[in-house]
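*Asks:* Below: one structure in structure tokens.
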Amino acid sequence: MSLRRVYVSLLAVAMVVGPAWWLLLTEDGRRRTDAVMLRLWGRPEVALDLTRLAPYGEAELLALYNHVQWTCATRAGPFGQRRCVAQIGVFNGIPAHSLAFYFRDGRLSALKLIYRRRYHDALLRQLHRALGEPSREAGVLRWSTGHGLLVVKARVAPSDEVALIWIVPALRTIPATEG
52 MSLRRVYVSL
62 LAVAMVVGPA
72 WWLLLTEDGR
82 RRTDAVMLRL
92 WGRPEVALDL
102 TRLAPYGEAE
112 LLALYNHVQW
122 TCATRAGPFG
132 QRRCVAQIGV
142 FNGIPAHSLA
152 FYFRDGRLSA
162 LKLIYRRRYH
172 DALLRQLHRA
182 LGEPSREAGV
192 LRWSTGHGLL
202 VVKARVAPSD
212 EVALIWIVPA
222 LRTIPATEG
């Protein structure tokens, strides 16, 4: 067998095995594969610039994400009087479960994203790139986004809910339980 033929054969094997290896065995590849599969299964993607998130009006925000099937209800709670929730597949490239918008006096007062546990570190890297270094307090990472405060746990235990929360500054405390 000539050297050229061996080289071509090895190159062909690398072209077939390389992408499959990356998609199945690397964290980034698995995240991208999961995101594509969730989109194929009909779970919507939400792209939201957290640095520009502000107390938008409910109609304005839901119109912006009209490709998502929202379920809204009036329900008084610590985040506001009204909640709109949707099952989603991907949030800013991170596989997710659900997204909830909370409104107080018709304006966005909080956001809660439930994402997939295995992508906690990927989400933290994304937040560090977009928002810089967070402040750390009692195992919680906090970023100021100009119009609000973004909060996520530094580490998640198997029993923890994996959630990212954004709240407007008027809501000083973060409730332990809010659906």
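This note's numbering numbers the first residue of the sequence shown as 52 and each following residue consecutively.
Glycine included, every Cβ here is placed at the ideal spot set by N, Cα and C.
From a predicted model like this one, the values you see are computed outputs, not experimental measurements.
(1) Quick one: is Ser53 buried, meaning 16 or more other Cβ sit within 10 Å of its Cβ, or exposed?
(2) Taking just the CA atoms, how far does Cys135 sit from Thr122?
(3) Among Val203, Gly128 and Tyr116, whose alpha-carbon lies nearest the alpha-carbon of Leu215?
(4) Which same chain residues, not among the five before or five after Ala207, have their C-beta less than 6 Å away from its C-beta?
(5) Using CA coordinates, which residue listed in Gly93, Gln177, Arg55 and Asp211 is at the minimum distance from Gly190?
(6) From this set, Ala98, Tyr107 and Ala65, which residue's C-alpha is nearest Ala161's C-alpha?
(7) Measuring CA to CA, which of Tyr153, His148 and Gln120 is closest to Gly128?
(8) Taking the beta strand (DSSP E) that His148 belongs to, which residues open and close that run?
(9) Cβ atoms of Arg176 and Pro185: under 7 Å apart, would you say?
(10) What runs of the beta strand (DSSP E), each 3 residues or longer, lie entirely inside the region 100 to 136?
(11) I need the boundaries of the alpha helix (DSSP H) containing Ala181, first residue and last residue.
(12) Following the continuous beta strand (DSSP E) through Ile165, name the residue where it begins and the one where it ends.
(13) Output the distance between the C-alpha atoms of Val59 and Leu200, rounded to the nearest integer angstrom.
*Replies:* Well, looking at it:
(1) As a working note, residue 53 is residue 2 in the sequence shown. Exposed, because fewer than 16 other Cβ atoms sit within 10 Å of the Cβ of Ser53.
(2) Stepping through the sequence shown from its first residue, residue 122 is reached at position 71. Stepping through the sequence shown from its first residue, residue 135 is reached at position 84. Each residue's alpha carbon lies about 5 Å from the other.
(3) Taking the sequence shown and counting its residues from 1, the one referred to as residue 215 is at position 164. It is Val203.
(4) Counting from 1 along the sequence shown, the entry for residue 207 is found at position 156. First, the amino acid is wrong: residue 207 is Val here, not Ala. Excluding sequence neighbours, Val207 sits near His171 and Val213.
(5) Along the sequence shown, read from residue 1 onward, the residue named residue 190 stands at position 139. Nearest of Gly93, Gln177, Arg55 and Asp211 to Gly190, Cα basis: Asp211.
(6) In the sequence shown, residue 161 corresponds to position 110, counting from 1. Cα-wise, what sits closest to Ala161 is Tyr107.
(7) Taking the first residue of the sequence shown as position 1, residue 128 is located at position 77. The shortest C-alpha separation from Gly128 is found at Tyr153.
(8) Residue mapping note: residue 148 aligns to position 97 of the sequence shown, counting from 1. Unbroken beta strand (DSSP E) run through His148: Ile145 to Arg155.
(9) Locating residue 185 in the sequence shown gives position 134, counting from the first residue. Locating residue 176 in the sequence shown gives position 125, counting from the first residue. The answer is no: Cβ separation not under 7 Å.
(10) 122 to 128
(11) By 1-based counting over the sequence shown, the position of residue 181 is 130. It spans His171 to Leu182 - the alpha helix (DSSP H) in which Ala181 sits, taken as one unbroken run.
(12) The count along the sequence shown starts at 1 and reaches residue 165 at position 114. Taken as a continuous stretch (DSSP letters only), the beta strand (DSSP E) holding Ile165 covers Arg158 to Tyr166.
(13) Mapped onto the sequence shown, residue 59 falls at position 8. Mapped onto the sequence shown, residue 200 falls at position 149. So the two alpha carbons sit approximately 55 Å from each other.
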